[in-house]
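Everything below concerns the one structure shown next.
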Amino acid sequence: MLAFLNDPGVLHGIVVLGTLILFFIGLYGLLAKRHLLKVLIGIALMELSVYLLFIGLATSPGETAPILSDGLRSFTHMADPVPQALTLTAIVIGLAVLALGVSLAIQYHRLTGRADVASLTELKEPR
Amino acid sequence: MSAILRLLFLIVSLSPGLLLLAWDGSLSWTLIDGVRLSLTLTPLAGFFMVLLAVAAPLVALPMLRRPLDWSSLALYVPLVLGMELLLLAGDFISFFIGWEIMTWSSYLLLLRSPRADLETSQSYILFNLASAFLLLAGILFYYSLSGDFRIGPLAGTTFGQELILAVLLGLAFLIKVGTLPLHIWVPSSYDQAPDLFSAFLSGAISKMGVYGLILLLTLFPDALTSLAGRLLEGPAAGYLLAWIGVVTSVVATYKAIAQEDMKRLLAYSSIAQVGYITTAIGVGSSLALAGALYLALVHTLVKVLLFISVAGIVLQTGQRRFKDLGKLIERMPVSFFGVLIGIIGLAGMPPLPGFAAKYLIFVSLVDARWLLLLAAMILASTAAFIYCYKLIYGPFLGHANSPQAREAREAPLIYLVPQVILMALLVLFGFLPGLPVQVLIDPVLVALGMETIGGASWAELTTTYGGYDGVVLMLVFIIAFVLVTGIFLLLRGRMHRAGSPYDLSYAGEVPTEGTPLHYGAGMGRELHRIPLVGWILRRGTRGFYLGLAGQMRAAAALLGSLYVGRPQIWILIAVVVFAASLAAQSMLGGL
Amino acid sequence: MTLPLTPVWFVALPLLLAFASPLWVRLRLLMPLLVGTPAVLLLLALALLPEVRIAPLVETIVIAPPLGIHLQLDSASWILVALISFTGLLATAFIWLGDGESYLRDRRAFIFLLLLIAGCNGMVLTGDLFNLYVFLEISGVSAYALSALRRDAPALEAGLKYLLIGSVAAVFFLFAVVLVYLQIGQLNLAAIAEGFAGIPGPMQILIGLLMLVGLGIKAELFPFNFWVPDIYQGSHPVVAGLYSGFLVKAFLFVLFHLVFLLLADPGVAGAWLMGLGAATMLVAEVVALRQDDMRRMLAYSSLGQIGLIALALGFGAEATTAGGLFHMANHTLIKLVLFLTAAVLMRSFVSARLADLAGAGRARPLAAAFFVLGALAVMGLPPLNGFASKLWILKGFAEAGVFWPVALVLLAALIEAGYYFRWIKVLYEPRADLPEARAVERWGYAPIAVAAGLIVLLGVAPFLVDDLFIEGAQALLDRGAALSAVLGAGS
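Residue numbers (this note's numbering), protein chains in the order written: chain A, 41 to 167; chain B, 174 to 764; chain C, 11 to 501.
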């Protein structure tokens, strides 16, 4: 019944659509939410959607993991390993940034009692 | 240590003179790829170097009075060196470098005065930098035309290109000399600058603008005539310049008369004098250029003399307004003679060389048949007598109007030495009006490819419209002076002298301490009632420039509102700009 | 065992030393190593210079390009690397000698400063697009952390704001990287450059715009630079000096490197960047007029100069590019002087506000003199270095007969004078009650004096170094040579 999903075009279309929706949800959270943690989660969602897009579009149905073993002796019908490696790296980096952001937000909350993006008003143009 | 430093300082101040004696050949090196600096001394630059060689040490000497202001001394060094570079420049880049060094070091020197306020210092530096940047724009345009930064006549350019170049460079130099309506920075900065430095500002720095204007003429093959043809007997393009100069002189002269502060008066008088020079440059003939150079020389001598005398008065009394001074003739006789000689030179009265300079300019206007200009100029130069009179009367004659003026002593020797030297020079040139012409001015005219105007001897000043013999003239005046002074001294014992300014009564009123009895108080106030003059005096460009500054601040506030401190707005703007340019590009690409 | 002198040390050395920091704390070597690392990197850069001038150094990591990652040190990136090391050296020397705030002298600051250097070096050296993203994030993360180092409300606010906007930039850039890989299947920059023309037009535009937004935010170009003043104001002036000194220069370099490498005809992109540069310059200079906090004023001034550099590099002529690179170096020196001076003044008077600094020139004559020198240089007044590079840029425009940038640059310089001279005047305000100044370590002036000396030297004798920048401009502009250096001749 889900055989039509085996068509790369359809699958990639769904991936593009889904990741774009995810991207815009993240963007919405980033732009519209007031709480610092929610804003950070928005950024994380945006990053996630880019990762998904990368992995989703780089692989086509029917490809196997790029590992030579058990009779697999050639590189045919294997997924491109590079996007996955890159995504792993990007996830690690994204996590580091997110952790730093959250820790800064927590420190800020401890110091001032506020966790609202709109309350970041100490640095601004002079009147 | 201190002695060595002071000696070094004096050597630097003498360096323009040393350069004149020792400079031989030329020097050049590469600054960056494609920009070659070259130094050489042209006769025209040599003339202005003479002015610098006179002004620099004479202003430097009184600066050595204790307590020393080391910062001022240190800043004076790059100032003088920068001006030397500017004059030695054989290419526009070194010219510009010298020009800019002069600008910022003079600004920093201006800041050494505790009286300099924010508005004055800002207007000084912004006008001068505007001048510098116009100059740089003109230089770059020149470079795009000639492919080279070396200063030399252009060839094969269109009228439009020459016009752009003339406007850019002309505006730059006119700001520097301070012609109307670009003069707003001059009076307040000359007034608020350190007293001795005002002498240098007026005597030397403003002359660099004159140098630039004459240099501008040399860029065009037939000078001003090539720009827009001829009008009557002179160049049409110069007619505009000449009017700018004359209007400047007229307005500045009346403004000067209305001033109640010695330094402000001198500042406006400087503007007026440079206005005459500008007019003469506009005429552009050999007579006129000789007059312009001559007047530049006399103006340097006179203004350095007057500003140093005034600096001495301010130093000894702490007062700079006419109504707070008076009767200093008995207490400061040398300064009195300094100012006396100075104003005679300034007013262009015979027998001093100021007359010779103005005579040449007048004759050149006659020669060009620009008689309306001549009339306006005579109006200005006659009205100048009034402020000259005010300058001698206010501080030196009448009653002493403040305790400081009553107890003042003669200025220190270190102030008097330059005054005596300058007085001697002025008197010498009075005897020998042909001396500067033959020694200093004729070489410049030769280099510019013009006829020389030198007469048979140094004592004579000759033109095709007649001339005069300086020795005879001077002797007549000296004899008359001796006679009048002798009679005055003989009759002096019989004159009535008031014991105090309050030893009088008029119309039944008894003057009190608060009544300004000094003749100088309110002098020139009535000028406001003369129709045209009053209109001039009430007008000013300050409102316009303040308005401009206000508009800039409003623009800053408007643009500053973009820089809201809210991250989500920044991101929103970035995303919107991204989406909009994507949409625009796809529309353009798609259609 | 001999260690080969290769470009990889520019990244590896600071990374290794940073991660071994607990050891250095125990050995009490933190400060010497903090200053020593950039010093060693500077020496390395100088040692490699003769080789680089002959041919670009391509350092392969594991597999040869286009499959593997490589670092490429050519005449253009050498300038940036040397600049980063030198700026790092002076700033860390200031931290050490100036005996300043303790939070700048502990282990965290040590790690993040070295990471920042490593990240920036990596960005300008790498020949791999994804690697570029990684280094961009490394330098980003360390910059966020450096901003927040003081851990009081303004610092944390600066760090958070920086992190938010920086992460968005990184997402945009990552998006572009992903699209490029999906289109071309390559990550090596040279290989991408060869295949880039084969991408469909709309996709090229999408990728270009994504990169423009991502790098534009980082490189502080106009409609993306609203964060800059806040971050510079909230960070310690030394840290802000590093941002203005080399962080933004590295991003700007990367942006233009990509433009000149990827696009066979950079005309359209160059025109866009020139427009953005001009807007950046004018808007920043005008807004700076109303600033009354020194750090904020310097931030706007820095933006103005960044705009000028973008304007010069975007034009793409050899003279403007060489001038632009030279101006990068000069601006770094100048801003270093100004920000370090601001640090001294802030330490002395506990404030960076105009009103509190009135008359400071009489209490701290040396600091004020350095400020004046830096201000004159940044406005491009001779005989200081800012003049030489501005002249070079303007000469390039004049040679090409294009005069609108000349007019804008000069107008911007005039507006710039409007606020710098106001600050100078106020610093020397004659005031009866001089502000009370807290003691400052005298040795802290040494790094400022070194930079100031170079400002004068490069202003008087720019001919000493102009060859370097001409070669740098040629390396940046010559696409064919850059490609064949990596992929071999005939490609």
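Yeah, the Cβ is synthetic: ideal placement off N, Cα and C, and Gly gets one too.
Contact under 7 Å by Cβ, residue i with residue j
i: B/Leu466; j: B/Ile614; result: yes
i: C/Phe266; j: C/Leu323; result: yes
i: C/Ala447; j: C/Arg357; result: no
i: B/Leu214; j: B/Pro189; result: no
i: C/Thr97; j: C/Thr290; result: no
i: B/Ile324; j: B/Phe269; result: no
i: B/Gly333; j: B/Pro408; result: no
Distance between residue j and residue i (C-alpha atoms, nearest Å)
i: C/Ala483; j: A/Phe63; result: 39 Å
i: B/Leu656; j: B/Leu210; result: 59 Å
i: B/Leu589; j: C/Glu111; result: 56 Å
i: B/Ala415; j: C/Ala353; result: 53 Å
i: C/Gly500; j: C/Ala207; result: Residue placement at C/Gly500 is flagged as unreliable, the pLDDT there being 46, under the threshold of 50; a coordinate-derived value is accordingly withheld.
i: C/Leu67; j: C/Asp84; result: 6 Å
i: B/Asp497; j: B/Thr636; result: 45 Å
i: B/Ile514; j: B/Leu595; result: 9 Å
i: C/Pro42; j: C/Ala103; result: 9 Å
i: B/Leu281; j: C/Ala153; result: 38 Å
i: B/Ala578; j: B/Pro235; result: 21 Å
i: C/Gly490; j: C/Glu409; result: 25 Å
i: C/Val466; j: C/Leu386; result: 11 Å
i: A/Arg150; j: C/Ala422; result: 43 Å
i: B/Ile378; j: B/Phe300; result: 14 Å
Boundaries of the beta strand (DSSP E) in which residue i is found, first to last residue
i: C/Glu69; result: 67 to 71
i: C/Gln82; result: 79 to 83
i: B/Leu204; result: 200 to 205
i: B/Val737; result: First-last for B/Val737: undefined, no H or E at that position.
i: B/Leu212; result: 208 to 212
Beta-carbon contacts of residue i that lie in its chain and below 7 Å, excluding the five residues immediately before and after
i: C/Phe349; result: Pro247, Val248, Ala250, Gly251, Ser254, Leu308
i: C/Leu15; result: Leu54, Ala57, Leu58
i: B/Cys561; result: Ile516, Leu519, Ala520
i: B/Phe602; result: Pro526, Leu608, Pro609
i: C/Phe359; result: Asp366, Leu367, Ala370, Pro445, Ala447
i: B/Gly464; result: Ala453, Ala530, Leu533, Ile534, Ser537
i: B/Leu552; result: Val423
i: C/Phe270; result: Pro276, Leu486, Leu487, Arg489
Interface partners of residue i on chain C, CB under 8 Å
i: A/Ile81; result: Per Cβ cutoff of 8 Å: no residues; A/Ile81 is ~12 Å from chain C at best.
Contacts of residue i in chain C (Cβ-Cβ under 7 Å)
i: A/Ile133; result: Val144, Glu147
i: B/Pro287; result: Pro440
i: A/Gln147; result: Arg161, Leu166
Interface partners of residue i on chain B, CB under 7 Å
i: C/Asp240; result: Gly738
i: A/Val157; result: Pro740, Gln741
Within chain B, the residues that residue i reaches when beta carbons sit closer than 8 Å
i: A/Leu140; result: Within chain B, no residue comes near A/Leu140; the closest Cβ sits about 15 Å away, beyond 8 Å.
i: C/Ile215; result: Leu755, Gln758, Ser759, Gly762
Extent of the continuous alpha helix (DSSP H) to which residue i belongs
i: B/Leu192; result: 175 to 195
i: C/Val419; result: 414 to 437
i: C/Arg489; result: 489 to 497
i: A/Ser143; result: 121 to 152
i: B/Ser267; result: 265 to 284
Sequence-distant residues of its chain with Cβ nearer than 8 Å to residue i (five each side left out)
i: B/Arg582; result: Gln489, Arg504, Met505
i: C/Met11; result: A caution first: C/Met11 carries a pLDDT of 46, below 50, which makes its placement in the model unreliable, though a value can still be read off. Nothing meets the Cβ criterion.
i: B/Leu413; result: Gly455
Partner residues on chain C for residue i, Cβ-Cβ distance less than 9 Å
i: B/Trp358; result: Result: empty, since nearest Cβ-Cβ is about 13 Å, beyond 9 Å.
Contacts of residue i in chain A (Cβ-Cβ under 8 Å)
i: C/Gly244; result: Glu162, Leu163
i: B/Leu745; result: Leu71
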